[in-house]
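I have placed the structure first, in the form of structure tokens, so that the comments after it can refer back to it.
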Amino acid sequence: MKSFRKELWFNVPSQRGFVNITGEVEAALRASGIREGLCLVNAMHITASVFINDNESGLHHDYEQWLERLAPHEPTGQYRHNDTGEDNADAHLKRQVMGREVVVAISQGKLDFGPWEAIFYGEFDGGRRKRVLIKIIGE
Amino acid sequence: MKSFRKELWFNVPSQRGFVNITGEVEAALRASGIREGLCLVNAMHITASVFINDNESGLHHDYEQWLERLAPHEPTGQYRHNDTGEDNADAHLKRQVMGREVVVAISQGKLDFGPWEAIFYGEFDGGRRKRVLIKIIGE
Amino acid sequence: MKSFRKELWFNVPSQRGFVNITGEVEAALRASGIREGLCLVNAMHITASVFINDNESGLHHDYEQWLERLAPHEPTGQYRHNDTGEDNADAHLKRQVMGREVVVAISQGKLDFGPWEAIFYGEFDGGRRKRVLIKIIGE
Chain R
66 MKSFRKELWF
76 NVPSQRGFVN
86 ITGEVEAALR
96 ASGIREGLCL
106 VNAMHITASV
116 FINDNESGLH
126 HDYEQWLERL
136 APHEPTGQYR
146 HNDTGEDNAD
156 AHLKRQVMGR
166 EVVVAISQGK
176 LDFGPWEAIF
186 YGEFDGGRRK
196 RVLIKIIGE
Chain W
66 MKSFRKELWF
76 NVPSQRGFVN
86 ITGEVEAALR
96 ASGIREGLCL
106 VNAMHITASV
116 FINDNESGLH
126 HDYEQWLERL
136 APHEPTGQYR
146 HNDTGEDNAD
156 AHLKRQVMGR
166 EVVVAISQGK
176 LDFGPWEAIF
186 YGEFDGGRRK
196 RVLIKIIGE
Chain Y
66 MKSFRKELWF
76 NVPSQRGFVN
86 ITGEVEAALR
96 ASGIREGLCL
106 VNAMHITASV
116 FINDNESGLH
126 HDYEQWLERL
136 APHEPTGQYR
146 HNDTGEDNAD
156 AHLKRQVMGR
166 EVVVAISQGK
176 LDFGPWEAIF
186 YGEFDGGRRK
196 RVLIKIIGE
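Protein chains in written order, with the numbering used here: chain R, 66 to 204; chain W, 66 to 204; chain Y, 66 to 204.
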């Protein structure tokens, strides 16, 4: 069994945003030389997500509006977590809806994807450097 | 390390629905000959889910009502994604709540499940042919 | 390829609660002797979650309030699942938001975590004995 590890770094300047990382995961897979296995891609921070969905800017706008409706940033005083001096409690909630990680099958040396699958980093508390972990195991 | 890959095809005639695929995943596991490992089951489409919960029709009705409350289909004009000519933005949102994939432990040649766990395909934009991927790795 | 399996048992006395299980997963990893691989941690029950987020009690209070707003326990008669004699339909919904499982990379014999990641068992229908499964594969 082979294993491969790589970190991706981000600094999303806005509070929230989505970054397509499919190409970087494909590059990591090529570097790994793994042909059959599983690829884990996860946010290493607890106010961010990694998820798979459509590379369409209108949908990303809809996600932004919808998450803000389900778990509003304001008023920040509605969350006890923010009593610690943070103002990012909503980001911890939004990340649970969108998920921490994805696991992707590796088949014949490729990400084994359906026609519209793309991998995104979802930032919910930006303006700082944060990481994603790619871990691939297989043969 | 062994690996095994299989696709399942669906054509749910209604807009939304849940299909129990536990038996098909068990059949794939038997065909794989793998006794210890991990089994990934994921929707290959971004308006569908694979999730594990109860095989109880009342609960599935509750999921349907609840998801429609969290992310309503109508009015379709509330979503920018639908400006592309689609009417399925809500399906992309519902799928994030229910999840893209499950990873199941394989122990002694079986899905290593608790007493009530069952695997479902969740369709949120039906009336077309769509796929689920089963990928098993182990020994 | 090596594999390792361990169950953790819980009996959360309240209806809902969060338990930090990071130390128990680390102990299982040490017992496995695995240095590079993947670690699956999943609830074996369908009214409970395993998730990764912050070990901060204010945030856990916020999760509790937020989940109760998204999927209220009362009135129990609003859910068809409860026609079966159960009163836990809301717990099946809350568990979908928080997730069934996490998959964690194992690198150099450790859980490959960012600075604030911790693993929690989330109970949404307590007062009974329930299990979590840890399955580790690798070398």
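By construction, the Cβ of each residue, glycine as well, lies at the ideal position given by its N, Cα and C atoms.
Kindly examine the ligand NAP and report whether one of its heavy atoms sits closer than 7 Å to the Cβ of W:GLU151. With respect to the ligand NAP, the structure shown offers nothing to examine, as it has no ligands at all.
Can you give me the Cβ contacts of W:THR87 inside the same chain, cut-off strictly under 6 Å, excluding the 5 residues immediately before and after it? Counted from its first residue, the second sequence places residue 87 of chain W at position 22. So the qualifying residues of the chain are ALA183 and ILE184.
Out of curiosity, what's the CA-to-CA distance linking Y:SER97 and Y:GLU188? Counting from 1 along the third sequence, the entry for residue 97 of chain Y is found at position 32. Counting from 1 along the third sequence, the entry for residue 188 of chain Y is found at position 123. The alpha-carbon atoms of Y:SER97 and Y:GLU188 are separated by roughly 27 Å.
Determine which residues of the segment 66-77 of chain R have a Cβ less than 8 Å from any Cβ of chain Y, and write them out in chain order. MET66, SER68 and ARG70
Proximity test, Cβ basis, 8 Å: Y:ASN118 and chain R: For the purposes of this step, residue 118 of chain Y is identified with residue 53 of the third sequence, where counting begins at 1. Y:ASN118 counts as touching chain R.
Could one say the Cβ of Y:GLU91 lies closer than 8 Å to chain R's Cβ atoms, at least one of them? The residue labelled residue 91 of chain Y in the question sits at position 26 within the third sequence. With its beta carbon at least 8 Å from every one in chain R, Y:GLU91 lies outside the interface.
When you check each C-beta in the segment 102-114 of chain Y against every C-beta of chain W, which residues fall closer than 7 Å? LEU103, LEU105, MET109, HIS110 and ILE111
DSSP three-state assignment for Y:TYR144, whether helix, strand or coil: By 1-based counting over the third sequence, the position of residue 144 of chain Y is 79. Y:TYR144: coil per DSSP, three-state reduction.
Go ahead and pull the three-state DSSP assignment for Y:TRP74. One-based indexing of the third sequence puts residue 74 of chain Y at position 9. Secondary structure of Y:TRP74 (DSSP, three-state): strand.
Exposed unless 16 or more other CB atoms sit within 10 angstroms - verdict on Y:ARG194: What you label residue 194 of chain Y is simply residue 129 of the third sequence in a count that begins at 1. Exposed, since its Cβ has fewer than 16 Cβ neighbours within 10 Å.
What are the start and end residues of the beta strand (DSSP E) that includes R:GLY150? If you number the first sequence from 1, residue 150 of chain R lands on position 85. Taken as a continuous stretch (DSSP letters only), R:GLY150 belongs to no beta strand (DSSP E), as it is neither H nor E.
For R:VAL167, go through chain W and note every residue whose CB falls closer than 9 Å to its CB, in chain order. Residue numbering aside, residue 167 of chain R sits at position 102 when the first sequence is read from its first letter. By Cβ distance, chain W contributes ASN107, ARG165 and GLU166.
Determine, for W:ILE184, whether the minimum Cβ-Cβ distance to residues of chain R falls below 8 Å. Numbered from 1 along the second sequence, position 119 holds the residue referred to as residue 184 of chain W. With 8 Å as the cut-off, W:ILE184 does not count as an interface residue toward chain R.
What is the C-beta distance between R:ARG113 and R:ARG160, in whole angstroms, given that I count them as a contact (C-beta under 8 Å)? Looking up residue 113 of chain R in the first sequence gives position 48. Looking up residue 160 of chain R in the first sequence gives position 95. A small correction: the amino acid at residue 113 of chain R is Ala; Arg does not occupy that position in the sequence shown. Cβ-Cβ separation between R:ALA113 and R:ARG160: approximately 6 Å, consistent with a contact (criterion under 8 Å).
With a CB to CB cut of under 6 Å and the five nearest residues on each side skipped, what residues in its chain are close to R:CYS104? Indexing the first sequence from 1 puts residue 104 of chain R at position 39. Close CB contacts of R:CYS104 within its chain, under the 6 Å cut and outside five residues either way in sequence, are with VAL169, ILE171 and ILE201 (chain order).
Quick test of the definition: if touching needs 3 or more C-beta pairs under 8 Å, does the segment 143-160 of chain W touch the segment 117-132 of chain R? yes
Assign Y:TRP131 to one of two classes, buried (16 or more other C-beta atoms within 10 Å of its C-beta) or exposed (fewer than that). Taking the first residue of the third sequence as position 1, residue 131 of chain Y is located at position 66. So Y:TRP131 counts as buried.
Let me make sure I understand the geometry here. Which of W:GLU151, W:GLU139, W:ARG81 and W:PHE69 has the alpha-carbon closest to that of W:GLY192? On the second sequence, residue 192 of chain W is found 127 positions in, with the first residue counted as 1. It is W:ARG81.
Counting C-beta neighbours from all protein chains within 10 Å, is the total for W:GLU72 16 or more, i.e. buried, or is it exposed? One-based indexing of the second sequence puts residue 72 of chain W at position 7. Under this definition W:GLU72 is an exposed residue.
Considering only residues of the same chain and omitting the five flanking positions on each side of R:ILE99, which have a CB-CB separation below 8 Å? As a first step, residue 99 of chain R is located in the first sequence; it is residue number 34 there, counting from the start. Counting only Cβ-Cβ distances below 8 Å, and skipping sequence neighbours, we find LYS67, PHE69, ILE171, GLY174, ILE201, ILE202, GLY203 and GLU204.
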